[in-house]
Each structure stands twice: as C-alpha cells, then as structure tokens.
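Each remark here refers to the structure printed beneath this line.
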Amino acid sequence: MTTINNNRINKKAMIRQFMRHMCETRFENVFNPYSDRCAVYDLKQAADVRRKLLTHVVRKARDSRDCDVWIGRDLGYNGGRRTGLPFTDDVHLPMHAQKWDVPASRAVKKTPIIAERSATVIWKILAAIQTPVFIWNVFPWHPHLPDEPFSNRAHTAAERKIGEALLQQLVEIVKPQRIMAIGNTADESLQRLQFNGEKYKLRHPSFGGNHIFTRQISEIYNL
C-alpha cells in the first residue's frame, strides 16, 4: 500500500511540474493557451479554463491502465488554440470531455462554432474506439506567423526540442501501451523518444490522407 501511495504522490508531483512547464514556456510568435488570452475571442478566464481542463485529462490518462497516445505536430488556430486540447475544436470539445469523464466548458466567447478539418476526422474515428486515447502534439502550443495570430506555421527545430522534452515527461506520467504518430513530423519525434512500447506511424488525415488514416486506425483497433 505504501509503495502504491508513494507512486501516486510522485505522479502528482510530475503532473504539477509538467503543467508548470506548459504554462511558463514562452516563444516568439507562439500562443500559449494555458497562460495567454486572445483579445479577440477568449473569455477573461480562458487560460485558467484550458489549464484546468488539460490537467483533468492528464490525471485521467495517468490513472488509465490501457491508454494509447496519439501525437500530432502542433496546435491549430481553429482547434487547440481555442480549446487547449490537441485535435479538438469547439465542435468536438464535448466529445473529448465525455471520453475522459471530465467537466469542460468553452474558453471562448459565443462566436460561431468553427470545425477544424483534422479534428472532424479524428473524432469521427475516436467515436468508434473503446480504448482510452490521449491526444498530444510534439509542439503542444500554437505557432503562428509574425503579426498573424490566426495563422498556422510549422514549429522550428529549437521549438521542437522543448516540445520533445515535455513529450518525454508526459509518457513517463501516462505510461501508454502504444504511441501512434500522426504525420511525418510526429513520427520523427517518436523515433527519438525513450519508449519501449509499440510504435505506429499514421498518415495525417489532412491534405488527402483521410482514407489512409481511417484504414490504418481501423486495422490497428479492429474496427
């Protein structure tokens, strides 16, 4: 019993440290949804809402015994920038919260709900999967072009290095059974990760990859 309790205490400390790094890390031309507030769309308490939601999901994933992790590249301006959850837009936020049985509320104003293309594909397939799936990104913030906050750009090599360090922390907290990299960038990071479980490379669902991604996931999960 003492060993179990100590492990739980250690993981709680790891989550606190992980979330502190998530909130305090700063880059130029990068929106941090866990500490930044968008002056156009965010509610006053938006960063706090997203921070608490992510913490809840990480804790649930930590307590899951058969969790898989899917990793993408970085947050998009119509998805994770607003919700704080990867591959999750306003439309699919309730589904993500329900999957992990956590409370969730929108962090943005009552503007028209925008669906993100990748999120739509991801959650269509996740609806049929019973295995707990924790979704993450190599670079877990929203990189954008200079002076264009509502744009997407690929993260830099220096930014990726910081993101990969956090990904390693996350894997040590969650201890997944399998990790699936969505796209080439995610797969490159996955190959550098210290992880002894099963690894898969998946086609990214955007830009014509929808059918290949769906077929790959269907084969892995026997759908």
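If you use numbering that gives the first Met the number 0, the sequence shown corresponds to residues 0 to 222, in order. Glycine is no exception: its CB is placed at the ideal position from the N, C-alpha and C atoms.
Within the region 17 to 90, note down every full beta strand (DSSP E) run reaching 3 residues or more, in order along the chain.
You should have 67 to 73.
Per DSSP, what kind of secondary structure is N9 in: helix, strand or coil?
As a working mapping, residue 9 is identified with position 10 in the sequence shown. Correct three-state label for N9: helix.
Pick helix, strand or coil for P102, following the three-state DSSP scheme.
As a working mapping, residue 102 is identified with position 103 in the sequence shown. Reduced to three states, the DSSP call for P102 is coil.
Would you decide whether D62 is buried or exposed? Buried here means 16 or more other CB atoms lie within 10 Å of its CB.
On the sequence shown, position 63 is the one that residue 62 refers to. Result: exposed.
When we look at the beta-carbon of P204 and count the other beta-carbons within 10 Å, is it buried (16 or more) or exposed?
Locating residue 204 in the sequence shown gives position 205, where the first residue counts as 1. In the assembly as shown, P204 is a buried residue. Its beta-carbon has 16 or more other beta-carbons within 10 Å.
CA-CA distance, E197 and V101?
Counting from 1 along the sequence shown, the entry for residue 197 is found at position 198. Counting from 1 along the sequence shown, the entry for residue 101 is found at position 102. Between E197 and V101, the C-alpha separation is close to 27 Å.
Alpha-carbon to alpha-carbon, H154 and L144:
Counting from 1 along the sequence shown, the entry for residue 144 is found at position 145. Counting from 1 along the sequence shown, the entry for residue 154 is found at position 155. For L144 and H154, the distance between alpha carbons rounds to 10 Å.
Can you give the Cα-Cα distance for F149 and A156, rounded to whole angstroms?
Within the sequence shown, the letter at position 150 stands for residue 149. Within the sequence shown, the letter at position 157 stands for residue 156. Distance between the alpha carbons of F149 and A156: 22 Å.
7 Å CB neighbourhood of E80 in its chain, flanking five on each side removed
Taking the first residue of the sequence shown as position 1, residue 80 is located at position 81. Reading off the sequence, residue 80 comes out as Arg, not Glu. Taken in chain order, the residues that qualify are F30, P32, L74, H141.
Can you tell me whether I235 is buried or exposed? The criterion is at least 16 other CB atoms within 10 Å of its CB, across all chains shown.
Here the chain has residues from 0 to 222 only, and residue 235 is not among them.
Please look up how many angstroms separate the CB atoms of V132 and W69, rounded, as I've assumed it's under 8 Å.
As a first step, residue 132 must be located in the sequence shown, where it is residue number 133. As a first step, residue 69 must be located in the sequence shown, where it is residue number 70. That belief holds up - the Cβ atoms of V132 and W69 are roughly 6 Å apart, short of 8 Å.
Threshold first: 4 residues or longer. Then list the alpha helix (DSSP H) segments lying entirely within the region 160 to 221, N to C.
Listed in chain order, they are 183 to 191, 209 to 219.
Taking just the CA atoms, how far does K10 sit from Q168?
By 1-based counting over the sequence shown, the position of residue 168 is 169. By 1-based counting over the sequence shown, the position of residue 10 is 11. Using only the alpha carbons, I get a separation of about 11 Å.
Three-pair Cβ contact test at 8 Å for the region 47 to 58 versus the region 103 to 110
Counting C-beta pairs with one atom in each stretch, the region 47 to 58 and the region 103 to 110 have three or more that are closer than 8 Å, which means they touch.
Any contact between the region 112 to 122 and the region 87 to 97? By contact I mean 3 or more CB pairs, one from each, below 8 Å.
With three or more CB-CB distances shorter than 8 Å, the region 112 to 122 counts as touching the region 87 to 97.
Have a look at the DSSP bridge pairing and note the partners of L144.
Position 145 of the sequence shown, counting from 1, holds the residue named residue 144. Within the DSSP bridge table, the entry for L144 names E147 as partners.
DSSP three-state label for I134, please.
By 1-based counting over the sequence shown, the position of residue 134 is 135. Per DSSP, reduced to three states, the secondary structure at I134 is strand.
Classification of V39 by the beta-carbon crowding that lies within 10 angstroms, buried from 16 upward:
Position 40 of the sequence shown, counting from 1, holds the residue named residue 39. Exposed is the call here.
Roughly how many angstroms separate the alpha carbons of R58 and K98, rounded to a whole number?
As a position in the sequence shown, residue 58 is number 59, starting the count at 1. As a position in the sequence shown, residue 98 is number 99, starting the count at 1. So the two alpha carbons sit approximately 13 Å from each other.
Since L125 contacts L84 with CB under 8 Å, what's their CB separation in whole angstroms?
Working through the sequence shown from its first residue, we reach residue 125 at position 126. Working through the sequence shown from its first residue, we reach residue 84 at position 85. In fact, because the Cβ distance is near 12 Å, the residues do not count as touching under 8 Å.
Alpha carbons only, please: which of N136, E27, G208 is nearest the one belonging to D146?
Stepping through the sequence shown from its first residue, residue 146 is reached at position 147. The candidate whose alpha carbon is nearest that of D146 is E27.
Rounded to the nearest angstrom, how far is the Cβ of I178 from that of L189, given a contact under 8 Å?
To locate residue 178, count along the sequence shown from 1; it is residue 179. To locate residue 189, count along the sequence shown from 1; it is residue 190. The pair is a contact, with the Cβ atoms about 6 Å apart (cut-off 8 Å).
Is the beta carbon of L222 sitting closer than 8 Å to the one on A118?
Within the sequence shown, residue 222 is the residue found at index 223, counting from 1. Within the sequence shown, residue 118 is the residue found at index 119, counting from 1. No, the Cβ-Cβ distance between L222 and A118 is not below 8 Å.
Using a Cβ-based criterion (distance less than 7 Å to any ligand heavy atom), does L92 qualify as near the ligand NAP?
With respect to the ligand NAP, the structure offers nothing, as it holds no ligand at all.
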